[in-house]
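Undergrad:
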Amino acid sequence: MSAGASAHSTQKEPSSTAGKQQGTPAHSVEFYPDEEYLLRSLSSYIGGALGAGDAAMVIATRAHRDGLESRLNARGLNLATARERGRYFPLDAEKLLEGLLIDGHPSGEVLERVLQDVLSATGKETDGGQAPRLVAFGEMVALLSARGWNDAALELEKIWNELTRKYQFDLRCAYPLNGFYRESDHEFFVKVCAEHSELSPSELRLAPDELTERLKTIAVLQERVRTLESENALRLSEEKFRLLVSSVRDYAIFILDPEGNVISWNAGAERIKGYTAAEILGRNFANFYPPEAQAAKKPAGELKIAASEGRFEEEGWRVRKDGTQFWANVVITALRDAKGQLIGFAKVTRDVTDRAMAAKRLQESEKSLRRLSAQLLKIQDEERKRLGRELHDSVGQYLAALKMNLDAMRLTASQKELGRPQGINESVDLLDQCIREVRTISYLLYPPMLEELGLKSAVPWYLEGFSKRSGIETSFQIEPPTMERFSRDVELAIFRVLQESLTNVHRHSGSTTASIRLETKNGDVILEVRDSGKGVPKAVLENATNAIGTHGVGFRGMKERLIQLGGKLEIESGDEGTTVRATVPKLGETD
Amino acid sequence: MPKILIVDDHDVVRQGVRSILQRLRPDWEICGEATNGREATEAAEKFEPDILVLDITMPVMNGLEASRAIMKRGLHSRVLIFTMHEYDRLVDDVKRSGAQGYVQKSQAGRDLIRAIEALLAGGTFFGNPAEATLKESKKPSNGVSEFRALCWA
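Listed in order, the protein sequences are those of chains A and B. So for the first sequence, the working numbering puts the first residue at 52; every next one is plus one. So for the second sequence, the working numbering puts the first residue at 22; every next one is plus one.
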């Protein structure tokens, strides 16, 4: 359908009976296809009467009165004044109808009594001259019919006929046309028509006596209404769609002809690309690409792919009107007519610069976090090493000197001089213990034999000490037994994972044994620490592999260490215990 | 009167050695002190001590290097390495440096005088491993001294 077509141009203008000569009261009926039609027709009918100085009575539903009044107000008619001057009498159809019904039948007496004042004040000659003529609108009949009380509706039509004759006023009734779709409604329809002097739409007047003709006309009319309704619906949905597309601001949505020239442009396109529709319509979409991409004939290439595959999608740099670039997500879809002929392309472009930048920033911050954690681990290692050396070389020396002094005293002093020689002996023993303790701590902080002799010696040394301290029985397997040396970082990482894992076994697992296996395989060094304890809680395991949490920091530290070297940490945990497996390439990558 | 040179970068250690020697062998002369290997070789040339009690880990030049330097110069001084360290290859390292013996600092009270006497008599002193092992097995501890290979580079 044509975009500019009006909904109403195909409809017949409703007829108005207002302004008829007095003495020939008309009782017309209108079958309306939709509310819009009714309100337009009604406002023309009532508005015409009021405009001509006549009085108007409207017995309608609340919705219809409101619709009518807002239209009349829009026409510039002052309804409040018209009411004050006895020109406009609005009544509620539903309430009035309730009052009229006696045992399901409308009472003419009641109706006449209710309307007495209005009816007698109009349409008659008075001393002051001509009283205003009255035109009335009513739809109580339609309400009765809608309830299925067609007989009552017809009774009411007859009552109205009597009243119009008695009081000389024009009356229009209205029924929704969709109340007559069923074949069983036809008889009622014909009867309704018979009660009226005029029918609207006027087609219904054809062959008034021929029932079949009349029914045929109704059928045609109804078909027309249906077509109109569905056309309306389609037009509305197309209109809505067009509005939607044109108002979308987050996406540039536009259409290209088969050569890539822009033939439609929406608000989003204007916002994202900076061109107004007037500036860009008719120009080639290659303008949106950076010069390099244009030189490489990328735009045409993309259309070619979209034409052959139906669709092309990519993310890349595009250029705004002001020359700035943005990172775009682009989808080009080929448009084909019913015969399959290419008629153009739909292009949807989204500015995802922020997202791309955020992803980049996230990547960078992850990288920097990784660098930081590598640095922290390195500092930690150096600090431990320094502390260890300090303890060994400084505190240790003082202790050794202290012991020498004590020894010297013990060896030279006579028992008498000392008084309690066992006191010195005990002190020497305590001092020996202290010296050993300091040495243990310093070596655990940074085992000298790791650098001196490698994992092959340092691991069994550590296990022996660990078993003694913790009471946990350890077993050690090494493959090959003559394991070679690895880089300092690799050896230290493996050693620290061993320390950390065994600390976990000791503190958390409740296991009384731990088996350790060290092997080289396919260029990797693999350390496996297996316990028979109660397993690692799921939450700790998840924390260990994902975000920073209060638990699993030890696991994270191990993991970081290994990642730095291109390795990995695997943890399997269940009811039968936990296995921690550290894998590092022999030639650990270092930053 | 035997002349002894004490070499250690820690004052307290030199004090300790001096205190043991003065108490137990007041007849021995402590001819001087040095705080690193270079000073030690200079002092050895100057004072011509009979015995150098020489620490290993020292700044500038370590004790093993100093021992080598002294041997190279053909001085008659004999060298007793006096160290915190205990590790498998220590004896080899000490011997290779030309020194005639070693004593662990923690065993100074027991071994120092014996070792100096042994060296003065023209012999060597490399501890008594059998005795050490026995002592450790009788007195298990949570320390590290029982382990074989302990050393700072």
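Glycine included, C-beta positions come from ideal geometry on N, C-alpha and C.
1) Could you pull out every residue in the same chain whose Cβ sits closer than 6 Å to the Cβ of Val106/A, ignoring the five residues on either side in sequence?
2) What does Met643/A reach in chain B if we use C-beta pairs closer than 7 Å?
3) Looking at the structure shown, is His559/A part of a helix, part of a strand, or coil, going by DSSP?
4) Mind checking Lys160/B: buried by the 16 CB within 10 Å criterion, or exposed?
5) Span of the beta strand (DSSP E) holding Arg632/A?
6) So, Ile529/A versus Leu569/A, is the Cβ gap smaller than 7 Å?
7) Three or more C-beta pairs under 8 Å: does that hold for the segment 156-174 of chain A against the segment 197-211 of chain A?
8) Measure how close the beta-carbons of Asp76/B and Lys24/B come, nearest whole angstrom, since I'm counting them as under 8 Å.
9) Are at least three pairs of beta-carbons, each pair with one atom in the segment 44-62 of chain B and one in the segment 615-634 of chain A, less than 8 Å apart?
10) Please classify Gly104/A as buried or exposed, where buried requires at least 16 neighbouring CB atoms within 10 angstroms.
11) When you compare each of Ile27/B, Ala87/B, Arg131/B and Met79/B to Lys118/B by their alpha carbons, which one comes out closest?
12) Hey, Gly319/A and Asp301/A: beta-carbon distance below 7 Å or not?
13) Check each candidate in Met500/A, Val541/A and Ser560/A and name the one with the smallest Cα separation from Ser624/A.
14) Counting only beta-carbon atoms, is Ala61/B nearer than 7 Å to chain A?
15) By the DSSP assignment, the beta strand (DSSP E) with Ile394/A in it spans what residues?
16) Give me the Cα-Cα distance between Ile137/B and Gln43/B, rounded to the nearest whole angstrom.
17) Taking Leu101/B as the reference, give the member of Val74/B, Gly53/B, Met22/B and Ile27/B with the closest Cα.
18) Opposite Val80/A in the DSSP bridges: which residues?
19) In the DSSP assignment, find the unbroken beta strand (DSSP E) run with Ala111/A in it and report its ends.
20) Whole angstroms is fine: what's the gap from Met92/B's alpha carbon to Val124/B's?
21) Which residues in the same chain have their Cβ closer than 6 Å to the Cβ of Phe231/A, if we skip the five residues on either side of it in sequence?
22) Of the residues Ala544/A, Ser297/A, Leu453/A and Leu222/A, which one's Cα is nearest the Cα of Gln431/A?
23) Only counting the same chain, and skipping five residues up and downstream in sequence, which positions put a Cβ closer than 6 Å to that of Gly181/B?
24) Using C-beta distances below 6 Å, list every residue in its chain close to Asp582/A, excluding the 5 sequence neighbours before and after it, in chain order.
25) For the beta strand (DSSP E) holding Ser526/A, just list the boundary residues, first then last.
26) Val28/B by DSSP, collapsed to three states: which one?
27) DSSP state of Asp575/A, grouped into three classes?
28) Looking at chain B, is there any beta carbon in it that lies within less than 7 Å of the beta carbon of Gln431/A?
29) Could you please tell me which residues of the segment 473-486 of chain A, in chain order, have their CB closer than 8 Å to any CB of chain B?
30) Distance, Cα to Cα, Leu393/A vs Thr384/A?
31) Could you have a look at Trp316/A and say whether DSSP puts it in helix, strand or coil?
32) Between the segment 25-59 of chain B and chain A, which residues of the former have CB atoms less than 7 Å from a CB of the latter, in chain order?
33) Quick check: the Cα distance between Ala459/A and Ile51/B, rounded to an integer number of angstroms?
34) Please state if the CB of Val296/A and the CB of Phe305/A are separated by a distance shorter than 7 Å.
35) Kindly indicate which three-state DSSP category Glu145/A falls into: helix, strand or coil?
36) Within 7 Å (strictly less), CB to CB, does Leu462/A reach chain B?
TA: So, from the listed chains and residues:
1) In the sequence as presented, Val is not what sits at residue 106/A; that position holds Ala. Contacts found: Arg138, Thr173, Pro183 and Leu185.
2) Because chain A in this structure spans residues 52 to 642, residue 643/A falls outside the shown range and cannot be described.
3) His559/A: helix per DSSP, three-state reduction.
4) Note that Lys160/B scores 37 on pLDDT, short of 50, meaning its location in the model is unreliable and no value can be drawn from it.
5) Taken as a continuous stretch (DSSP letters only), the beta strand (DSSP E) holding Arg632/A covers Gly628 to Pro636.
6) Yes; because the gap between Cβ atoms is below 7 Å, this pair is in contact.
7) Yes, they touch.
8) Between Lys24/B and Asp76/B the Cβ distance is about 18 Å, and since that is not below 8 Å, they are no contact.
9) Short answer: they don't touch.
10) Its Cβ having fewer than 16 others within 10 Å, Gly104/A is exposed.
11) The sequence as given places Ser at residue 118/B; Lys does not occur at that position. Distances from the alpha-carbon of Ser118/B to those of Ile27/B, Ala87/B, Arg131/B and Met79/B put Ala87/B closest.
12) The answer is yes: Cβ separation under 7 Å.
13) Looking from the CA of Ser624/A, the closest CA among Met500/A, Val541/A and Ser560/A belongs to Ser560/A.
14) It does not: the Cβ of Ala61/B has no partner Cβ on chain A nearer than 7 Å.
15) Residues Leu393 to Asp402.
16) Their backbone Cα atoms lie some 13 Å apart in a straight line.
17) Comparing Cα positions, the closest option is Val74/B.
18) DSSP, once it has assigned bridges, lists Cys224/A and Leu250/A as partnering Val80/A.
19) It spans Ala106 to Ala111 - the beta strand (DSSP E) in which Ala111/A sits, taken as one unbroken run.
20) Taking C-alpha positions only, Met92/B is separated from Val124/B by approximately 19 Å.
21) Cβ neighbours of Phe231/A beyond the five flanking positions: Phe240.
22) For the set Ala544/A, Ser297/A, Leu453/A and Leu222/A, the Cα lying nearest the Cα of Gln431/A is the one of Ala544/A.
23) What the structure shows of chain B is the stretch from 22 to 174, and residue 181/B is not part of that stretch, so it cannot be assessed.
24) Closer than 6 Å at Cβ, skipping near neighbours: Val556, Ser560, Ser562, Ala565, Gly628 and Thr629.
25) Element bounds for Ser526/A: Glu524 to Glu530.
26) In the displayed model, Val28/B falls within a strand according to three-state DSSP.
27) Three-state result, Asp575/A: strand.
28) Output row for Gln431/A: interface = no.
29) The residues in question are Val479, Asp483, Gln484 and Ile486.
30) Roughly 11 Å separates the two Cα atoms.
31) Coil, per DSSP.
32) Correct list: His31, Val33, Val34, Gln36, Gly37, Val38, Ser40, Ile41, Arg44 and Leu45.
33) Going by the C-alpha atoms only, they are around 16 Å apart.
34) With respect to the 7 Å criterion, Phe305/A and Val296/A are not classified as neighbours on the basis of their beta carbons.
35) Correct three-state label for Glu145/A: helix.
36) Interface residue, yes.
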